[in-house]
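Which chain is which? The protein sequence lines are A and B, in order. Quick note: UniProt numbering has the first sequence finishing at residue 288, numbered continuously throughout. Quick note: UniProt numbering has the second sequence finishing at residue 288, numbered continuously throughout. In what follows, a structure is listed as structure tokens, so that the remarks can point back to it.
Protein chains: 2
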Amino acid sequence: MTTPHPTADTPAYAPGHAASQTKHHEWRTAQNSAAHLLPHLDRLAQQTPHLKLLDVGAGSGTISASLAAHLLPHGGSVLATDISDAILSRAASHATSQNLPNITFQRASVYALPFPDGEFHVVHAHQVLCHLPDPAAAIREMLRVCAPGGVVALRESDMRMWCVWPEREALLKFHGLMVDTLVANGGQDKGGRRLVSWVLDAGAGSLGRGDVEAGFGTWCYSEEGDRRAWGEAMVERLRTGQMREKGIELGLTTEEGIEEMIKAWEGWIETDDATLGIMNGEVIVKKP
Amino acid sequence: MTTPHPTADTPAYAPGHAASQTKHHEWRTAQNSAAHLLPHLDRLAQQTPHLKLLDVGAGSGTISASLAAHLLPHGGSVLATDISDAILSRAASHATSQNLPNITFQRASVYALPFPDGEFHVVHAHQVLCHLPDPAAAIREMLRVCAPGGVVALRESDMRMWCVWPEREALLKFHGLMVDTLVANGGQDKGGRRLVSWVLDAGAGSLGRGDVEAGFGTWCYSEEGDRRAWGEAMVERLRTGQMREKGIELGLTTEEGIEEMIKAWEGWIETDDATLGIMNGEVIVKKP
Chain A
1 MTTPHPTADT PAYAPGHAAS QTKHHEWRTA QNSAAHLLPH LDRLAQQTPH LKLLDVGAGS
61 GTISASLAAH LLPHGGSVLA TDISDAILSR AASHATSQNL PNITFQRASV YALPFPDGEF
121 HVVHAHQVLC HLPDPAAAIR EMLRVCAPGG VVALRESDMR MWCVWPEREA LLKFHGLMVD
181 TLVANGGQDK GGRRLVSWVL DAGAGSLGRG DVEAGFGTWC YSEEGDRRAW GEAMVERLRT
241 GQMREKGIEL GLTTEEGIEE MIKAWEGWIE TDDATLGIMN GEVIVKKP
Chain B
1 MTTPHPTADT PAYAPGHAAS QTKHHEWRTA QNSAAHLLPH LDRLAQQTPH LKLLDVGAGS
61 GTISASLAAH LLPHGGSVLA TDISDAILSR AASHATSQNL PNITFQRASV YALPFPDGEF
121 HVVHAHQVLC HLPDPAAAIR EMLRVCAPGG VVALRESDMR MWCVWPEREA LLKFHGLMVD
181 TLVANGGQDK GGRRLVSWVL DAGAGSLGRG DVEAGFGTWC YSEEGDRRAW GEAMVERLRT
241 GQMREKGIEL GLTTEEGIEE MIKAWEGWIE TDDATLGIMN GEVIVKKP
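Written out as structure tokens, the structure is:
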């Protein structure tokens, strides 16, 4: 039942990049997933002729592309990094399909960003720290490459802050399985509430509480189209994703358990009064 | 260990209106607690020369006053109701202190609103349903007094969706006590996730899912001033409020347990990386 944990030296994206994992990620945009950053981005873009934004752990890159589109009229640009070449090439295809000339891609570990100190005006990471065994080390590196006067913007799910209606038993078990596999992979189940704490640790005295703005944002899946987008992604993930293999391997669930979860999500999609709420911690760090 | 539950026939605000209960409520405004309503309110106020808004279960009335201030330039007005004359007179004093000529107050039960069908363009309730044994009956009554084309706006905590950092044991126990006393008083601990379901029940076929917009909003207490506002209100509530009496009466806690919770909140206020997140369900019902 022990499982190798990724460490600061051997970074990995434990959930993997199967289509089942990334499908729902592609629903994400700067508007629905980085709204806390946008007012700061606008403020900095107005002050900075060629603003440079680093998007760390960009994954399928839909938020990165959407940030690039936001910066295009201001002359700003985005560099999107990930540890996986495969997902970066998918992200690049997406950017091409959006006709975005101001975004580039580069493989990099968040623990060792291959950039000089203060290189970027904005450094952004979305749902990245929750997969890492040492989130404060990653934030320290993001702070290093951020220019004084710039901002580091973080958003992380608080995986325990998840509520579903109706509360079918198989859906509650699904939530338990999701949290347990994340933790078994060395991830963080309470990222949302811990963001401020990680940031102050990472700052190691160079940041005061006044340099950090904290809040929470949510995702809600309740209208039919949103239920379908979420539910179908979860069904695919249960059919083919890492959650199934890992969950069975760790003895957290069984083939039958997985089949029940699939049926429960399929039923949930068709349920008119179904709702799913997820809460994310959001932090803006103003680098002194 | 049994306790009389309020019913649809004998409404009561179980937490009571001691200063310790209402102090934190006064932090609330339309901006931080009814943001989901404001775009609809602006749209309706532009169409409607003398818009009438009913605020149900207004309590200390700071949200009501803030809605009245918002409507003042448009010629709209607010009628704020509550089941307690005492709290309404406090709400009226607050409105007077704000120089608001367009708000009036009237005692009323949410289960039997003393108004004709379709009397109001907007009907609003904030953290009211979670105290009721029959939320759908209350929503049915709010729908009745709402004019066709108007909106019913609801916002309810999902009391289980509460996360605190650092996770001191006494703070987790406090959360458990808060939820348990609410439920023991006949309240609803999962209001946020159930709002859509209650609304469709209340509509009894007259509402389709397309008439209901659903989302979630949050409160975050993390910056020093917000930590102090929340923490001091919780300490006061533990010292003198209904939670202490009820918790001890029901055997949910002890005098010593309460004292530990007080110490834990006092320490939390002084903790630089402390954070509290709370998630609220938000619904806009467009009355057909």
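Ideal placement from N, C-alpha and C gives every residue a C-beta, glycine not left out.
Residue i vs residue j beta-carbon contact at 8 Å
| i | j | result |
| --- | --- | --- |
| residue 121 of chain A | residue 53 of chain A | yes |
| residue 212 of chain B | residue 235 of chain B | no |
| residue 295 of chain B | residue 170 of chain B | There is no way to answer for residue 295 of chain B, as the model of chain B reaches only from 1 to 288. |
| residue 204 of chain B | residue 283 of chain B | no |
| residue 45 of chain B | residue 100 of chain B | no |
| residue 277 of chain B | residue 193 of chain A | yes |
| residue 202 of chain A | residue 136 of chain A | yes |
| residue 177 of chain A | residue 252 of chain A | yes |
| residue 91 of chain A | residue 67 of chain A | no |
| residue 220 of chain B | residue 216 of chain A | yes |
| residue 63 of chain A | residue 28 of chain A | yes |
| residue 51 of chain A | residue 37 of chain A | no |
| residue 110 of chain B | residue 123 of chain B | no |
| residue 132 of chain B | residue 105 of chain B | no |
Proximal chain A residues relative to residue i, where beta-carbon distance stays under 8 Å
| i | result |
| --- | --- |
| residue 143 of chain B | Correct list: empty, because the minimum Cβ distance to chain A is about 16 Å. |
| residue 163 of chain B | 158, 160, 161, 190, 192, 193, 279 |
Closer than 7 Å at the beta carbon, the chain A residues around residue i
| i | result |
| --- | --- |
| residue 216 of chain B | 218, 220, 277 |
| residue 197 of chain B | 165, 273 |
Of the listed residues the options, nearest to residue i (C-alpha basis)
| i | options | result |
| --- | --- | --- |
| residue 162 of chain B | A:190, A:152, A:170, A:141 | A:190 |
| residue 97 of chain A | A:276, A:116, A:61 | A:61 |
| residue 85 of chain B | B:234, B:213, B:57, B:155 | B:57 |
| residue 78 of chain B | B:94, B:168, B:102 | B:102 |
| residue 265 of chain A | A:241, A:247, A:230 | A:230 |
| residue 146 of chain B | B:32, B:267, B:55, B:238 | B:55 |
| residue 207 of chain A | A:71, A:152, A:232, A:237 | A:152 |
| residue 108 of chain B | B:148, B:59, B:254, B:67 | B:59 |
| residue 240 of chain B | B:67, B:255, B:137 | B:255 |
| residue 210 of chain B | A:188, A:217, A:209, A:222 | A:222 |
| residue 281 of chain B | B:149, B:188, B:114 | B:188 |
| residue 139 of chain B | B:154, B:48, B:114, B:164 | B:154 |
| residue 35 of chain B | B:233, B:143, B:218 | B:218 |
| residue 143 of chain A | A:113, A:186, A:216 | A:113 |
| residue 175 of chain B | B:40, B:247, B:49 | B:247 |
| residue 233 of chain B | B:269, B:164, B:43 | B:269 |
| residue 375 of chain A | A:69, A:179, A:186, A:267 | No answer is possible for residue 375 of chain A: it lies beyond the span of chain A, which begins at 1 and ends at 288. |
| residue 164 of chain B | B:95, B:186, B:141, B:279 | B:279 |
Residue burial classification, residue i (beta-carbon count within 10 angstroms, cutoff 16)
| i | result |
| --- | --- |
| residue 81 of chain B | buried |
| residue 1 of chain A | Note on residue 1 of chain A: pLDDT 27, under 50, position unreliable in the model; the coordinate value appears next. Looking at its Cβ environment, which holds fewer than 16 other Cβ atoms inside 10 Å, residue 1 of chain A is exposed. |
| residue 287 of chain B | buried |
| residue 4 of chain B | Confidence in residue 4 of chain B is poor, its pLDDT being 33 and thus under 50, which makes the residue's placement too unreliable to answer from. |
| residue 156 of chain B | buried |
| residue 134 of chain A | buried |
| residue 244 of chain B | buried |
| residue 237 of chain B | buried |
| residue 272 of chain B | exposed |
| residue 93 of chain A | exposed |
| residue 75 of chain A | exposed |
| residue 117 of chain B | exposed |
| residue 316 of chain A | The structure shown does not extend to residue 316 of chain A, since chain A is modelled only from 1 through 288, so no value can be given for it. |
| residue 158 of chain B | buried |
| residue 242 of chain B | buried |
| residue 11 of chain B | Low confidence applies to residue 11 of chain B: its pLDDT is 47, below 50, so where it sits in the model is not reliable enough to give any reading. |
| residue 289 of chain B | The question about residue 289 of chain B has no answer, for chain B in this structure spans 1 to 288. |
Partner residues on chain B for residue i, Cβ-Cβ distance less than 9 Å
| i | result |
| --- | --- |
| residue 266 of chain A | Residues of chain B passing the Cβ test: none, with the nearest at roughly 18 Å. |
| residue 169 of chain A | Per Cβ cutoff of 9 Å: no residues; residue 169 of chain A is ~15 Å from chain B at best. |
| residue 224 of chain A | 209, 210 |
Selection of the stretch 198-213 of chain B by Cβ proximity to chain A, strictly under 7 Å: 200, 209
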